[in-house]
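**Q**
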């Protein structure tokens, strides 16, 4: 079976593969490590015990040889001591042959230091100290060593011939190191072991390994650090396991202790593991091969259902519910696929239901005609609730026993039929109120909805629609067989009924609002016509009054005294104010009915402002002054001069009216970059509260609307200013601080 690399791109595939690898290799590796460690420890421990015993045996063997050599040198001493003259110089031939195997040389040393060679030659023998001579004088044997650069060291054994009888001669023998250390003896040491002997000064006496002298220092350091009689050391990159045994010689031979060290190469100790090290990689490779085969099989077996399920989820995300997922694995994946398909079928049903309900919602909520709403419900509700007959009852508003029944059967060519039906609305409402939401009734059940049952209908799903705790309509779905409905179906039915209720209520509200709007529009037109007629009728007599008053003041009808002139001035001023009010009402009426028109013409701004300024040349209060600020080079522009004059006149008049003392400033600027002209009217009057700023441009609105207000007016001036500004395509803005003053900014587009 071939492992597809793309399969391992899946997280699940990688997890399965790693799981198999972990389950296979980790136990094998752990077992191998544990086994290797235990075997290594066992071999090391076994070697330590063996080396311990071997070092003890080697030390005892050396000691036994020393004892044997001591016995031989005593024999020689007795032979030499019993002879005289030439006889004392000779050793029996047979005995000499044996001695040459154990001694390199034998010599007899007189008290004066004169040496007499008995066997071989002894160059440079060691000088005896007084302590050593005293030890020999006690009839004991002396063993001494002579360290030199080449191993092994020279070992000497000395004995006094007959100290008890006054014979002070000393028999000195140089021991053959091969015999002493047992180098030539077969099986004297365990296989693959190395022997080293150190004296009390940690000088190497002999070592079977050809090592440099500096190695003695390493062994000495290891010996000083070891308390168990064992240690490890290295030579030429090879590790050695060593065990030592101390050989006490002080009492018998007046020689400090010798330390016998036996070493064995760790490579030799662990040689049995070599085969294991060779076989273990093969075992790992075999295990890895098995893991690859098993993991490939399992990955393929697990990924195939997962890929199918993933593809199924992708199709569901794209709202493709028709293609089921097919899995034949005989395990939980197959059960999961069946559950997945069941979920897909349920989602398809729910999506279809939700889509249909959404379409119904959009249709009925966007419709403001009750007939269209009912037609939509009758034609589309089967997409949500498959039924055999659809009925909608619309009850009369008086709560009586009459109603309109809209119904349609399931045939494709069926049309909505409308008929009057006699149903007791109050009894049905009482029955519906005793239930929660939607409910089913059977044809055999006595119920006031009995007239709705058509031929063959066995059950009705009733969805009552209440408004203000009054039954206004109901939807009844007819079934030839009792339907199987779940809680979710009843909930959707309730939601649909609520949406239909909202749509019908909105439709009724719209119809009522539309009717009220028509009545208000008609009343408003009558009001505007009345105001226009009244204003026109009032304008004529006021014009006459103003004309005759002017004639009288000009004394065209006779002389007028000062008191009469003042009275006529009051009449003229109030008549002028009343004429302005009438003109404002007429302007507002024209704006309301849409008869006001913009008349653009070429306007000289400088001349226009000079003319406007002339209207305010009349003396004002001594504490109030007007300030005009505009450049001399204002251009010619196309504007409606009449409406602009009205706007500025209203703004200036308001500024003067609400400023008792201080300054009213009128500024004008032409802004070529934006092709606009800007006017600012700034006063230092009483200002406008912040909460009143959004209302000052509304009709009949004033900051102070009480009957005792200090300033007159009906609240039409700024309303007309706002409307005229809108007609001219501009904007008017206000900034005000109570107690400081206000600034009105008028910006109008203009064509040069």
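Numbering (the working numbering), first residue to last: 3 to 754. All residues carry an ideal CB built from backbone N, CA and C; glycine is no exception. All figures in this text were calculated on a predicted structure; none of them were measured in a lab.
#1: How many whole angstroms separate the CB atoms of residue 272 and residue 245, which I take to be in contact at a CB cut-off of 8 angstroms?
#2: Quick check: what's the CA-CA separation for residue 741 versus residue 567?
#3: Helix or strand or just coil, what does DSSP make of residue 553?
#4: Check for me: the alpha helix (DSSP H) holding residue 670 runs from which residue to which?
#5: How many Å lie between residue 749 and residue 735 at the Cα?
#6: How many Å lie between residue 423 and residue 696 at the Cα?
#7: Quick check on residue 291: buried or exposed, where buried means 16 or more other Cβ atoms within 10 Å of its Cβ?
#8: If you draw a straight line from the C-alpha of residue 398 to the C-alpha of residue 318, how long is it?
#9: How many angstroms separate the CA atom of residue 708 from the CA atom of residue 739?
#10: Measure the alpha-carbon distance for residue 36 versus residue 281 and round it to whole angstroms.
#11: Taking the alpha carbon of residue 346 as the reference point, which residue from 618, 316, 729 has its own alpha carbon closest?
#12: Where does residue 148 sit, in a helix, a strand or coil, going by DSSP?
#13: Hey, out of 184, 678, 112, 77, whose CA is closest to residue 66's CA?
#14: Sort 431, 485, 454, 432 by Cα distance to residue 442 and report the nearest one.
#15: I need the DSSP call for residue 749, collapsed to helix, strand or coil.
#16: In this structure, how does DSSP classify residue 140 when only helix, strand and coil are distinguished?
#17: Can you look up residue 682 in the DSSP assignment and give me helix, strand or coil?
#18: Can you give, in chain order, each stretch of the beta strand (DSSP E) that sits fully within the region 608-641 and has at least 3 residues?
#19: Where do the ends of the beta strand (DSSP E) carrying residue 175 lie?
#20: My understanding is that residue 163 touches residue 82, with C-beta atoms under 8 angstroms, so please give their C-beta distance in whole angstroms.
#21: Rounded to whole angstroms, what's the CA-CA distance from residue 752 to residue 374? Just pull it up for me.
#22: What residues in its chain sit with their C-beta under 7 angstroms from that of residue 743, if we drop five residues either side in the sequence?
#23: Using only the alpha-carbon positions, how far apart do residue 565 and residue 609 sit?
#24: Output yes or no for whether 7 angstroms exceeds the beta carbon distance between residue 199 and residue 145.
#25: Which parts of the region 483-507 are runs of the beta strand (DSSP E), unbroken and 3 residues or longer, counting only runs that do not cross its ends?
#26: Taking the alpha-carbon positions, what's the residue 721 to residue 559 distance?
#27: Which partner residues does residue 183 have in the DSSP bridge list?
#28: Return yes when the Cβ of residue 630 is within less than 7 angstroms of the Cβ of residue 640, no when it is not.
#29: Going by C-alpha distance, which of 625, 626, 646, 598 is nearest residue 613?
#30: By DSSP, does residue 397 sit in helix, in strand, or in coil?
#31: Round the Cβ separation of residue 194 and residue 75 to the nearest angstrom and send it over; I've been treating them as touching at under 8 angstroms.
#32: What number of angstroms, rounded off, separates the C-alpha of residue 667 from the C-alpha of residue 699?
#33: According to DSSP, is residue 133 part of a helix, a strand, or is it coil?
#34: Just to confirm the assignment, what range does the alpha helix (DSSP H) spanning residue 659 have?
#35: Can you give the beta carbon distance from residue 451 to residue 390, rounded, assuming they're within the 8 angstroms contact cut?
#36: How about residue 763 and residue 156: do their beta carbons lie closer than 7 angstroms?
**A** Result, derived from the coordinates:
#1: As a first step, residue 272 is located in the chain shown; it is residue number 270 there, counting from the start. As a first step, residue 245 is located in the chain shown; it is residue number 243 there, counting from the start. About 17 angstroms separates the CB atoms of residue 272 and residue 245; that is not less than 8 angstroms, and the two are not in contact.
#2: The count along the chain shown starts at 1 and reaches residue 741 at position 739. The count along the chain shown starts at 1 and reaches residue 567 at position 565. Going from the Cα of residue 741 to the Cα of residue 567 covers about 37 angstroms.
#3: For the purposes of this step, residue 553 is identified with residue 551 of the chain shown, where counting begins at 1. Helix at residue 553.
#4: Within the chain shown, residue 670 is the residue found at index 668, counting from 1. Counting along the chain, residue 670 falls outside any alpha helix (DSSP H), though it belongs to the beta strand (DSSP E) covering 664-673.
#5: Mapped onto the chain shown, residue 749 falls at position 747. Mapped onto the chain shown, residue 735 falls at position 733. If I take the Cα positions, the gap works out to 9 angstroms.
#6: Working through the chain shown from its first residue, we reach residue 423 at position 421. Working through the chain shown from its first residue, we reach residue 696 at position 694. Each residue's Cα considered, the two are about 55 angstroms apart.
#7: Mapped onto the chain shown, residue 291 falls at position 289. Label assigned to residue 291: exposed.
#8: Counted from its first residue, the chain shown places residue 398 at position 396. Counted from its first residue, the chain shown places residue 318 at position 316. One C-alpha to the other measures close to 47 angstroms.
#9: By 1-based counting over the chain shown, the position of residue 708 is 706. By 1-based counting over the chain shown, the position of residue 739 is 737. Bear in mind that the predicted position of residue 708 carries a pLDDT of just 44, short of 50, making it unreliable; the figure below should be weighed with that in mind. For residue 708 and residue 739, the gap between their C-alpha atoms comes out near 22 angstroms.
#10: Your numbering for residue 36 matches position 34 in the chain shown. Your numbering for residue 281 matches position 279 in the chain shown. The alpha-carbon of residue 36 is positioned some 16 angstroms away from that of residue 281.
#11: Numbered from its first residue, the chain shown carries residue 346 at position 344. Ranking 618, 316, 729 by Cα distance to residue 346 puts 316 first.
#12: By 1-based counting over the chain shown, the position of residue 148 is 146. Three-state DSSP puts residue 148 in a strand.
#13: Walking along the chain shown from the start, residue 66 turns up at place 64. The candidate whose alpha carbon is nearest that of residue 66 is 184.
#14: On the chain shown, residue 442 is found 440 positions in, with the first residue counted as 1. Closest by alpha carbon: 485.
#15: To locate residue 749, count along the chain shown from 1; it is residue 747. Reduced to three states, the DSSP call for residue 749 is strand.
#16: The residue given as residue 140 occupies position 138 in the chain shown. Coil at residue 140, not helix or strand.
#17: Within the chain shown, residue 682 is the residue found at index 680, counting from 1. Reduced to three states, the DSSP call for residue 682 is strand.
#18: 626-631, 638-641
#19: Within the chain shown, residue 175 is the residue found at index 173, counting from 1. First-last of the beta strand (DSSP E) with residue 175: 169-177.
#20: In the chain shown, the residue the question calls residue 163 occupies position 161. In the chain shown, the residue the question calls residue 82 occupies position 80. About 6 angstroms; that satisfies the 8 angstroms criterion.
#21: As a first step, residue 752 is located in the chain shown; it is residue number 750 there, counting from the start. As a first step, residue 374 is located in the chain shown; it is residue number 372 there, counting from the start. Roughly 51 angstroms between the two C-alpha positions.
#22: By 1-based counting over the chain shown, the position of residue 743 is 741. Taken in chain order, the residues that qualify are 684, 685, 686, 687, 689.
#23: Reading the chain shown from its first residue, position 563 is the one you call residue 565. Reading the chain shown from its first residue, position 607 is the one you call residue 609. A direct Cα-to-Cα measurement between residue 565 and residue 609 gives close to 39 angstroms.
#24: On the chain shown, residue 199 is found 197 positions in, with the first residue counted as 1. On the chain shown, residue 145 is found 143 positions in, with the first residue counted as 1. In this structure, the beta-carbon distance from residue 199 to residue 145 does not fall below 7 angstroms.
#25: none
#26: Reading the chain shown from its first residue, position 719 is the one you call residue 721. Reading the chain shown from its first residue, position 557 is the one you call residue 559. Each residue's alpha carbon lies about 41 angstroms from the other.
#27: Reading the chain shown from its first residue, position 181 is the one you call residue 183. DSSP lists no partner for residue 183.
#28: Indexing the chain shown from 1 puts residue 640 at position 638. Indexing the chain shown from 1 puts residue 630 at position 628. No; because the gap between Cβ atoms is not below 7 angstroms, this pair is not in contact.
#29: Within the chain shown, the letter at position 611 stands for residue 613. Selected option, being the one with the closest Cα: 646.
#30: Counting from one through the chain shown, the residue named residue 397 turns up at place 395. DSSP, read as helix, strand or coil, puts residue 397 in strand.
#31: Translated into the one-based positions of the chain shown, residue 194 becomes position 192. Translated into the one-based positions of the chain shown, residue 75 becomes position 73. About 35 angstroms separates the two Cβ atoms, so there is no contact after all.
#32: Reading the chain shown from its first residue, position 665 is the one you call residue 667. Reading the chain shown from its first residue, position 697 is the one you call residue 699. Residue 667 and residue 699: Cα-Cα distance of roughly 21 angstroms.
#33: Here residue 133 corresponds to residue number 131 of the chain shown, with the count starting at 1. Looking at residue 133 - three-state DSSP - the assignment turns out to be helix.
#34: By 1-based counting over the chain shown, the position of residue 659 is 657. It spans 643-659 - the alpha helix (DSSP H) in which residue 659 sits, taken as one unbroken run.
#35: The residue labelled residue 451 in the question sits at position 449 within the chain shown. The residue labelled residue 390 in the question sits at position 388 within the chain shown. Wrong, their Cβ atoms sit about 16 angstroms apart, outside the cutoff.
#36: Because the chain is modelled from 3 through 754, residue 763 falls outside the range shown and cannot be assessed.
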